[in-house]
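Reading the sequence shown from the start, the letters are residues 1 to 287 in the working numbering.
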Amino acid sequence: MDNQSLTDQEFSLFQKLIYRLAGINMADSKKALVAGRLSRRLRHYGLDSFGAYYTLVTSGDALDERQLMVNLLTTNETYFFREAAHFDFLQDFAASRRGRPLRVWSGASSSGEEPYTIAMVLAETLGMSAPWEVIASDISLTVLERAAAGLYPLERGRGIPPELMKKYCLKGVRSQDGNFLVMSALRERVTFRHLNLLEPHHRDLGQFDVIFLRNVMIYFDNDTKRKVIANMLPHLREDGVFIVGHSETLTGITDQLGALRPTLYCRAGARAQFERYRSATRSGHGR
Numbered sequence: 001m002d003n004q005s006l007t008d009q010e011f012s013l014f015q016k017l018i019y020r021l022a023g024i025n026m027a028d029s030k031k032a033l034v035a036g037r038l039s040r041r042l043r044h045y046g047l048d049s050f051g052a053y054y055t056l057v058t059s060g061d062a063l064d065e066r067q068l069m070v071n072l073l074t075t076n077e078t079y080f081f082r083e084a085a086h087f088d089f090l091q092d093f094a095a096s097r098r099g100r101p102l103r104v105w106s107g108a109s110s111s112g113e114e115p116y117t118i119a120m121v122l123a124e125t126l127g128m129s130a131p132w133e134v135i136a137s138d139i140s141l142t143v144l145e146r147a148a149a150g151l152y153p154l155e156r157g158r159g160i161p162p163e164l165m166k167k168y169c170l171k172g173v174r175s176q177d178g179n180f181l182v183m184s185a186l187r188e189r190v191t192f193r194h195l196n197l198l199e200p201h202h203r204d205l206g207q208f209d210v211i212f213l214r215n216v217m218i219y220f221d222n223d224t225k226r227k228v229i230a231n232m233l234p235h236l237r238e239d240g241v242f243i244v245g246h247s248e249t250l251t252g253i254t255d256q257l258g259a260l261r262p263t264l265y266c267r268a269g270a271r272a273q274f275e276r277y278r279s280a281t282r283s284g285h286g287r
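Encoded structure:
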């Protein structure tokens, strides 16, 4: 089934559905992507149109298939140590909190590269015996399963510094040649959760010192951004930091956070604390 089999009217139905389910504004230019990713599901069910598949996933009897559709349409590109300045900041931030429990939330973890990068930085800065943990969430069950396994093609690890690759990853041999595995000691410090950011979260998530929500809000309109941030902010500690991608901003989205630096946000009362630590490290009296 080729891309032309997806009519404009059918594509519009899927645009509205993925917006309702995941808050994602799917541009008209994504029509070929939708057709390509969903066409095999039509073949699986022997359906002769995307309209018939839409009817299936919007029925009350196909919740698993609806989740699979969300998985197929919401997977985003990610890689290790993406936007490295954020991890430089995390290293400084973690050092400033040395001796106290530290919790970090990767809010759109995709296939796991971001939370494992966070874990490597915390392990290097605080040590494996320190009381820190990483919670990683995503709307896609498929990518969460892949992330929990911690197995990647070697080319996906290009952003990992060689010394960290050697310390925290195992290169595959024989049948796993060409892959690497994140070591179990590091994987055990990352907990993966299936969450939809549009829905209010459970109290058992607790609160976090740092929340990463990077390179996902570019797919949201402003109303959706406000809802997502409002759902996440109750989980940010009063002296915590919220981190977004370099093409994103929280200006005009929430009045509860102000910019500490571009892409780094904190509550007004915490800004002076961060600046004091920053000044101390510059003068050689920090860490």
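Glycine included, every Cβ here is placed at the ideal spot set by N, Cα and C.
Query, Result
"Val173 burial status per 10 Å Cβ neighbour count (16 or more: buried)", "exposed"
"Rounded separation between Phe208 and Ser49 - CA only", "45 Å"
"Inter-stretch contact at 8 Å, needing at least 3 Cβ pairs: the region 221-230 / the region 83-95", "no"
"Outcome for Asn9 when other beta-carbon atoms lying within 10 angstroms are tallied against a minimum of 16", "This sequence places Gln at residue 9; Asn is not what is there. That one is exposed."
"Exposure of Tyr45, with buried meaning 16 or more beta-carbon neighbours within 10 Å", "exposed"
"Inside the region 176-258 only - beta strand (DSSP E) runs reaching at least 3 residues", "179-182, 190-194, 208-213, 236-244"
"CA-to-CA distance, His235 to Gln256, given in whole angstroms", "13 Å"
"Pair within 9 Å by beta-carbon distance, Leu73 and Glu65", "no"
"DSSP three-state assignment for Arg261, whether helix, strand or coil", "strand"
"Candidates Leu13, Glu83, His86, Leu17, of which the one nearest Gly51 by Cα", "Leu13"
"Cβ of Glu77 within 9 Å of any chain D Cβ", "Among the chains in the structure shown there is no chain D, since it carries only a single protein chain."
"Same chain only: Cβ atoms within 6 Å of Leu47, ignoring 5 sequence neighbours per side", "Tyr53"
"Contacts around Met128, its chain only, beta-carbon distance under 7 Å, and the 5 residues preceding and following it disregarded", "Ala185"
"Cβ-based neighbour list, Leu288, same chain, cut-off 8 Å, excluding 5 preceding and 5 following", "Lying before the first or after the last residue shown, residue 288 is absent from the chain, which here runs from 1 to 287."
"For Met69, the nearest candidate out of Leu141, Leu126, Ala85, Val241 (CA to CA)", "Leu141"
"Extent of the continuous beta strand (DSSP E) to which Ile135 belongs", "132-138"
"Counted within 10 angstroms of its Cβ, other Cβ atoms place Glu114 as buried (16 or more) or exposed", "buried"
"Ser12 - containing alpha helix (DSSP H), residue span", "8-22"
"Top-ranked residue by Cα proximity to Asp177, from Gly159, Glu155, Lys227", "Glu155"
"Neighbour-count burial assignment, Gln288, 16 or more Cβ in a 10 Å radius", "Outside the displayed span of the chain (1 to 287) sits residue 288, for which this structure offers no information."
"Ordered list of alpha helix (DSSP H) runs contained in the region 83-111, each at least 4 residues", "84-96"
"Alpha carbon of Val241 to alpha carbon of Thr7, nearest angstrom", "44 Å"
"Exposed unless 16 or more other CB atoms sit within 10 angstroms - verdict on Leu38", "buried"
"Selected residue, minimal CA-CA separation from Asn76, among Met26, Met165, Ala148", "Met26"
"Helix, strand or coil at Leu47 according to DSSP, with G and I counted as helix", "coil"
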